[in-house]
Amino acid sequence: ILSGLAAAEASVAAAAGLRDGRLHLASFATAGATLLPKAIATFQRLHPAVALSLSQADPDAALAQLREGSVDLIITADDGPGDIPGIEVVPLLEDSLLLVLPATHPLTGRERIGLDELAAETWVDTRAGSEARRLLLRACGRAGFIPRVAFESDEYATIQELVAAGAGVALIPELALRSPPDGVRIRPLAGPPVVRHVRAAVHAEAYRAPAADAMLSILQEVAGAGA
């Protein structure tokens, strides 16, 4: 009920052709650094009178904020919202996960590398329980092993620097690999690709602010253009 009231209030505030109102966004870090800057710039150019705000939140926390009505639109990944009353989920893009190895690793001469070939490696990854860690565990499980994660960070830049220093290997989404350090080599996986599904989630249409609809359209355009 509270979610519906908050969304309805935002809808009334922004009903006059997006001439006023506000739009609250929440996103996980990688999308916040890639998809959203372009989308926000476009939105502000088209609808300068709507006040925008953005907070960082992992997918579970962002969904909780959306359901309680404190945000209007979230960007989530992979195990995002399923069939939840009052919530609509819209696919944006598939983000391939790539192997990141130290430049001195003996397998860097290969064009593609199977995960099973890295079963004995030390891994660098995000914290236990994170969406990225769940993806890593599933992918390695299909390859027949449990990865030994010795180094953790919530920042992909830090993970890449740890790999460059020789601390281990990593499996990182392509969106997070825009500026890799010199000491790493990036290789695609042999066999079936591992992808995370990046999605937007908003309130159901009856309770959705026009500003959220406008941002959703812009996000779909940005994602379709390759972020």
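At the far end of the sequence shown sits residue 322, using the working numbering, and the numbering has no gaps.
Ideal placement from N, C-alpha and C gives every residue a C-beta, glycine not left out.
As the structure is a prediction and not an experimental result, all values here were calculated from the model.
From this set, the options, which residue's C-alpha is nearest residue i's C-alpha?
i, options, result
"L147", "V184, P132, V195", "P132"
"W218", "G204, L257, D308, P201", "L257"
"L130", "L188, G236, P288, R222", "L188"
"I179", "R140, A223, E216, L161", "L161"
"I281", "R222, G239, P197, E300", "P197"
"Y302", "A172, D173, I182, S150", "I182"
"H298", "R243, Q315, A159", "A159"
"P242", "A252, A271, E212", "E212"
"T125", "S150, R117, H142, H200", "S150"
"H142", "P305, A318, G319", "P305"
"Y251", "A238, V145, L193", "L193"
"F240", "G224, F138, V184, G209", "G209"
"L270", "A214, A144, A172", "A172"
Which residue or residues does DSSP assign as beta-bridge partners of residue i?
i, result
"A295", "I170, V185"
"F123", "Answer is none; F123 lacks a bridge partner."
"D220", "E247"
"V264", "W218"
"R162", "DSSP output for R162 lists no bridge partner at all."
"S274", "In the DSSP output, where bridge partners are listed per residue, S274 has none listed."
"L196", "R280"
"V290", "S191"
"R117", "A146"
Kindly give me the distance between the Cβ atoms of residue i and residue j, rounded to whole angstroms, as I take these residues to be in contact under 8 Å.
i, j, result
"A245", "G263", "6 Å"
"D167", "L118", "5 Å"
"P275", "S191", "Not a contact, Cβ separation roughly 15 Å."
"H307", "F138", "Rather than His, the amino acid found at residue 307 in this sequence is Ala. Not a contact, Cβ separation roughly 11 Å."
"R207", "P283", "5 Å"
"A295", "L311", "6 Å"
"V279", "I170", "Actually they are not in contact, since the Cβ atoms of V279 and I170 sit about 26 Å apart, beyond 8 Å."
"V195", "Q255", "6 Å"
Hey, quick one: how far does the alpha helix (DSSP H) through residue i stretch, first residue to last?
i, result
"L232", "226-237"
"I281", "No alpha helix (DSSP H) holds I281; the beta strand (DSSP E) holding it covers 279-282."
"E316", "305-319"
"P132", "130-141"
For chain B, check one thing: does any of its Cβ atoms lie closer than 8 Å to the Cβ of residue i?
i, result
"A320", "Looking at the structure shown, chain B is missing, and only one protein chain is on hand."
Ends of the beta strand (DSSP E) at residue i?
i, result
"S150", "146-151"
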